[in-house]
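S.K.: In terms of numbering that gives the first Met the number 0, the sequence shown has 154 at position 155, counting the first letter as 1, and numbering is strictly consecutive. Encoded as structure tokens, here's the structure I'll be asking about.
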Amino acid sequence: MFEKSSWIQLPRNVLLGHDVLDELADAVDELYLSGRPFLVTSPTPDRIAGGAVRDQFEDPASLTIEKASFETVERVVDAAEAADAGYLIALGGGKVIDTAKMASDRLECGFVSVPTAASHDGIVSGRSSIPEGDTRHSVAADPPLAVVADTTLLAEAPWELTTAGCADIISNYTAVKDWQLAHRLKNVEYSEYAGALSQMTAEMLVDNAESIKPGLEESSWVVAKALVSSGVAMSIAGSSRPASGAEHLFSHQLDRLVPGRALHGHQVGVGSIVTEYLHSGEDGEWRDIRDALDEVGAPTTADQLGIDDETILEALTTAHTIRDRYTILGDGVSEDAAREAARFTGVI
Ligand SMILES: NC(=O)C1=CN([C@@H]2O[C@H](COP(=O)(O)OP(=O)(O)OC[C@H]3O[C@@H](n4cnc5c(N)ncnc54)[C@H](O)[C@@H]3O)[C@@H](O)[C@H]2O)C=CC1
Ligand SMILES: O=C(CO)COP(=O)(O)O
Ligand SMILES: [Zn+2]
């Protein structure tokens, strides 16, 4: 008997391109949301675009947050309830978007994503990734009802945020390999469609790498399109598996060991070089990953991340403990093996 079923949640409106921030209120109108808008943002995004958002709505309420944590989610929930908010608008980087996404899930209200940086593929996804103590929770949350990704705004953001977004996409190569490995070894459910979409997204970004240059709005267009597509792959899978494998475990561990030292995308990119080496060996495709990162201007070494070699090794040898997700790290990589992989690939 056929018993399969799936429920894919995707945004209804995705506005991407030049000056689309001006169309935010129209995009919200189209969703038939009711009640007071509640803006969740952080200091820099608020300074850059908070005014442009508030001006489009009557009587918006807002809260400025500094970090993503379960406590911050609760603060947003309390403030939105106190303001009698009808829906949330997240304006900022990944941490703001993840916090608002989880808060809207708790409040059972709609949420609209307005990224100010093309730095990560959570702008569209139905996942929210929040650190807590020694672990990280990547939980299912409703995806945004609308995404308004203004390439004018994204192009004005510091360039390293865009190269971080590129690296988050390039890391899809190893994330998909880890997912396939977990499918073969642990019978983890694998979606051919989500896996192929994630991999194709990385391939298209790498094929267009020469058009990704600072000062070009077209770069933000190419990268933001890839981030949307990768987020859709996660929504189809119902998990972050298509875009998060061992390279992400490594990055999450770095976030614990040296919080705030490097951007999420940059960390996963460097992690991807090493985990590709672990997958395919000395003559494998790790050089392609390294060269693609290099071409878009993302870091390829510990030095460029600003992280010392011993911390890199500690993150590599302990990354498998951060969550229950089978990857090429298996039940742990020994220190010797981690040192060899990181040295051979030039990461340390
Ligand atoms: N839920 C999901 O599916 C995913 C979640 N993530 C999460 O997203 C987070 C990483 O996101 P990021 O955006 O890299 O970090 P972030 O949210 O910390 O932003 C990095 C910095 O850029 C600043 N910024 C943002 N826009 C700016 C602009 N236009 N001009 C100047 N500064 C600006 C922010 O204020 C912040 O200081 C991680 O916590 C990661 O786990 C990443 C990928 C997918
Ligand atoms: O960063 C992500 C995908 O790029 C989300 O992955 P996590 O589920 O590991 O937080
Ligand atoms: Zn990521």
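Positions of the beta carbon are idealized from the N, C-alpha and C atoms, including for glycine. Model, not experiment: these values are computed from the prediction.
#1: Under 7 Å from any heavy atom of ligand 5, does the C-beta of V13 make it?
#2: According to the Cβ coordinates, are S103 and L87 closer than 8 Å?
#3: Going by CA-CA distance only, name the one from L262, A140, I347 that's closest to E159.
#4: Ends of the beta strand (DSSP E) at D149?
#5: Note down, in chain order, each residue of its chain lying with its Cβ closer than 7 Å to the Cβ of T115, except the 5 sequence neighbours on either side.
#6: Are the stretch 251-261 and the stretch 210-225 touching by the rule of at least three beta carbon pairs closer than 8 Å?
#7: Looking only at DSSP bridge pairs, what is N12 linked to?
#8: May I have the straight-line CA-CA distance separating I311 from G345, to the nearest angstrom?
#9: Tell me the rounded alpha-carbon separation between V76 and K66.
#10: Mapping DSSP to helix, strand and coil, what is S61?
#11: If L196 sits next to I235, beta carbons under 8 Å apart, how far is it from one beta carbon to the other, in whole angstroms?
#12: Given 7 Å as the limit, tell me if H119 has its C-beta closer than that to any heavy atom belonging to ligand 2.
#13: When you compare only the Cα positions, how much space is there between D25 and G132?
#14: Starting from Y189, trace the alpha helix (DSSP H) both ways and give me its first and last residue.
#15: Which residue from S112, A117, Q55, R286 puts its Cα closest to that of L144?
#16: For R126, verify whether its CB is less than 7 Å away from any heavy atom of ligand 1.
#17: Can you tell me which of S5, L328, E313 puts its alpha carbon nearest to the alpha carbon of E334?
#18: Who are the near neighbours of A245 in its chain, counting only those whose CB is closer than 6 Å to its CB and skipping five residues on each side?
#19: Checking 8 Å against the spacing of the C-beta atoms, do D83 and R35 come in under that value?
#20: Measure the alpha-carbon distance for K94 versus V123 and round it to whole angstroms.
#21: Going by beta carbon distance, what residues of the same chain come within less than 8 Å of D254, once the five residues before and after it are set aside?
#22: Note down, in chain order, each residue of its chain lying with its Cβ closer than 7 Å to the Cβ of A140, except the 5 sequence neighbours on either side.
#23: Is the Cβ-Cβ distance between A154 and E216 less than 8 Å?
#24: Please go through the same chain and pick out, in chain order, the residues whose beta-carbon is closer than 8 Å to the beta-carbon of H182, but skip the five residues on each side of it.
#25: Nearest CA to the CA of V39: which residue from A79, L30, L14, E22?
#26: Should G270 and V222 be called a contact, given that it needs their Cβ atoms to be closer than 8 Å?
M.R.: Let's see:
#1: Only ligand 1, ligand 2 and ligand 3 can be found as ligands here, which leaves ligand 5 out of the picture.
#2: Sequence index remark: in the sequence shown, residue 103 carries index 104 (1-based). Sequence index remark: in the sequence shown, residue 87 carries index 88 (1-based). Contact: yes.
#3: Taking the sequence shown and counting its residues from 1, one reaches residue 159 at position 160. The residue with the shortest Cα to Cα distance from E159 is L262.
#4: Along the sequence shown, one-based indexing puts residue 149 at 150. It spans 145-149 - the beta strand (DSSP E) in which D149 sits, taken as one unbroken run.
#5: Residue numbering aside, residue 115 sits at position 116 when the sequence shown is read from its first letter. Closer than 7 Å at the Cβ level, and outside the excluded window around T115, lie P44, I47, A48, L90, G91, G92, L152, A156.
#6: no
#7: Counting from one through the sequence shown, the residue named residue 12 turns up at place 13. In the DSSP output, where bridge partners are listed per residue, N12 has A145.
#8: Here residue 311 is taken as the residue at index 312 of the sequence shown, counted from 1. Here residue 345 is taken as the residue at index 346 of the sequence shown, counted from 1. Going by the C-alpha atoms only, they are around 12 Å apart.
#9: Residue mapping note: residue 76 aligns to position 77 of the sequence shown, counting from 1. Residue mapping note: residue 66 aligns to position 67 of the sequence shown, counting from 1. Going from the Cα of V76 to the Cα of K66 covers about 15 Å.
#10: Residue numbering aside, residue 61 sits at position 62 when the sequence shown is read from its first letter. In this structure, S61 counts as strand in the three-state DSSP scheme.
#11: Taking the first residue of the sequence shown as position 1, residue 196 is located at position 197. Taking the first residue of the sequence shown as position 1, residue 235 is located at position 236. Between I235 and L196 the Cβ distance is about 7 Å, and since that is below 8 Å, they are a contact.
#12: The residue you call residue 119 lines up with position 120 of the sequence shown. Using a cutoff of 7 Å, the CB of H119 counts as near ligand 2, since one of the ligand's heavy atoms is closer than that.
#13: Against the sequence shown, residue 25 aligns to sequence position 26. Against the sequence shown, residue 132 aligns to sequence position 133. One alpha carbon belongs to D25, the other to G132, and they sit about 40 Å apart.
#14: Numbered from 1 along the sequence shown, position 190 holds the residue referred to as residue 189. Per DSSP, Y189 belongs to no alpha helix (DSSP H) and is neither H nor E.
#15: In the sequence shown, counting from the first residue as 1, residue 144 sits at position 145. Per the Cα distances, S112.
#16: As a position in the sequence shown, residue 126 is number 127, starting the count at 1. At least one heavy atom of ligand 1 is nearer than 7 Å to the Cβ of R126, so yes.
#17: Here residue 334 refers to the residue found at position 335 of the sequence shown. Closest by alpha carbon: E313.
#18: Position 246 of the sequence shown, counting from 1, holds the residue named residue 245. D177, T274, T326, I327, L328.
#19: As a position in the sequence shown, residue 83 is number 84, starting the count at 1. As a position in the sequence shown, residue 35 is number 36, starting the count at 1. Yes, Cβ-Cβ distance for D83 and R35 is below 8 Å.
#20: Within the sequence shown, residue 94 is the residue found at index 95, counting from 1. Within the sequence shown, residue 123 is the residue found at index 124, counting from 1. Their Cα atoms are separated by approximately 13 Å.
#21: As a first step, residue 254 is located in the sequence shown; it is residue number 255 there, counting from the start. Closer than 8 Å at the Cβ level, and outside the excluded window around D254, lie P130, R135, H263, Q266.
#22: By 1-based counting over the sequence shown, the position of residue 140 is 141. Answer for A140: K100, M101, D104, G125, R126, S127, listed in chain order.
#23: In the sequence shown, the residue the question calls residue 154 occupies position 155. In the sequence shown, the residue the question calls residue 216 occupies position 217. Result yes, Cβ atoms of A154 and E216 sit closer than 8 Å.
#24: In the sequence shown, counting from the first residue as 1, residue 182 sits at position 183. Once the five neighbours on either side are set aside, the close Cβ partners of H182 are E188, Y189.
#25: Taking the first residue of the sequence shown as 1, we reach residue 39 at position 40. The option with the nearest alpha carbon to V39 is A79.
#26: By one-based count along the sequence shown, residue 270 stands at place 271. By one-based count along the sequence shown, residue 222 stands at place 223. For G270 and V222, no; Cβs fall outside 8 Å.
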